[in-house]
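So in the UniProt record's numbering the end of the sequence shown lands on 188, straight run, no missing numbers.
Positions of the beta carbon are idealized from the N, C-alpha and C atoms, including for glycine.
Written below as structure tokens is the structure these notes are about.
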Amino acid sequence: MSEIYVEASHEAISTLDEPVKDTIMRDLRAIGRKMLVVVCPPLGDEREMRDWDLWGPLALCLVLAIVLSVHGSDNQKALIFSAVFVLVWVGGAVVTLNAKFLGANLSFFQTVCVMGYCLAPLCLGSILIMVIPLFWINFFIAILVWAWACWASLRFFKGSSSPKREWLVLYPVGLFYFFVTWMILVGL
């Protein structure tokens with residue numbers, strides 16, 4: 001019986017026998033690279049976002065929900081946490097479905113991944129707004145993080161559909177981040 005050897009690339013190697021520590025470290029490095037794409041879009045490679053995962057968006061959604069629920073009264077903290085969590089995921093799914101219905105050549109989970117990772121500026125803004133008690137400074141921070149989130153997601157969505165429909169894909173993205181920014185600004 002002869003054996004056939006096939007040379008495999010790094011991505012094609014099975015990770016079933018990989019130690020858990022290596023798997024976690026590989027995933028954390030991937031999350032870090034995706035965060036770089038969002039936090040500093042000119043330095044990152046938007047192709048990195050094509051390899052989707054939901055760990056980073058889940059962590060960012062949890063951070064946002066926790067920060068916003070801290071502001072609530074004791075009897076409303078759980079309600080605020082669950083409302084933010086559900087609204088972020090349902091809103092991201094609706095924006096994703098809109099993009100798919102308009103013919104965007106992106107997978108559902110790629111789009112949800114990008115929408116989730118682009119919450120990073122909003123999470124940072126929510127922490128700053130929680131610390132700084134001045135409304136006008138908070139208002140400026142809110143505008144800044146909204147524009148930052150839109151800019152980061154724009155790099156991914158731009159060119160994903162026909163030029164005539166591109167703004168129909170991008171408008172709900174900006175509206176979604178505006179809604180999340182509004183929740184942050186009013187302290188839900």
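Between W146 and Y177, the C-beta spacing is below 7 Å.
The shortest CA-to-CA distance from F109 to any of H71, G92, L175 and T181 is the one to G92.
Per DSSP, Q110 is one residue of the alpha helix (DSSP H) stretching across F108 to Y117. Take the alpha-carbon of L168 and the one of V20: they are about 43 Å apart. The alpha-carbon separation between D22 and L16 amounts to approximately 11 Å.
Here S69 is not near F85, since their CB atoms are 7 Å or more apart. Judged by DSSP in its simplified three-state form, N138 adopts helix. For K34, the enclosing alpha helix (DSSP H) covers residues V20 to V39.
Relative to L102, the option among P172, I137, V180 and D53 whose CA is nearest is P172. Secondary structure note for M130: its alpha helix (DSSP H) is the uninterrupted segment A120 to V131.
Pairwise C-beta distances place the region 58-67 in contact with the region 118-132, as three or more of them are shorter than 8 Å. Taken through DSSP and simplified to helix, strand or coil, L62 comes out as helix. The residue from G174, S162, I132 and P133 with its alpha-carbon nearest to that of M115 is G174.
Scanning K158, I141 and W89 for the CA closest to the CA of L60 turns up W89. In this structure, the straight-line span from the alpha carbon of G159 to that of D45 is close to 15 Å. In this structure, D53 is the residue among V95, P57 and D53 with its C-alpha nearest to the C-alpha of R26.
Annotation for M183: the continuous alpha helix (DSSP H) segment containing it runs E166 to V186.
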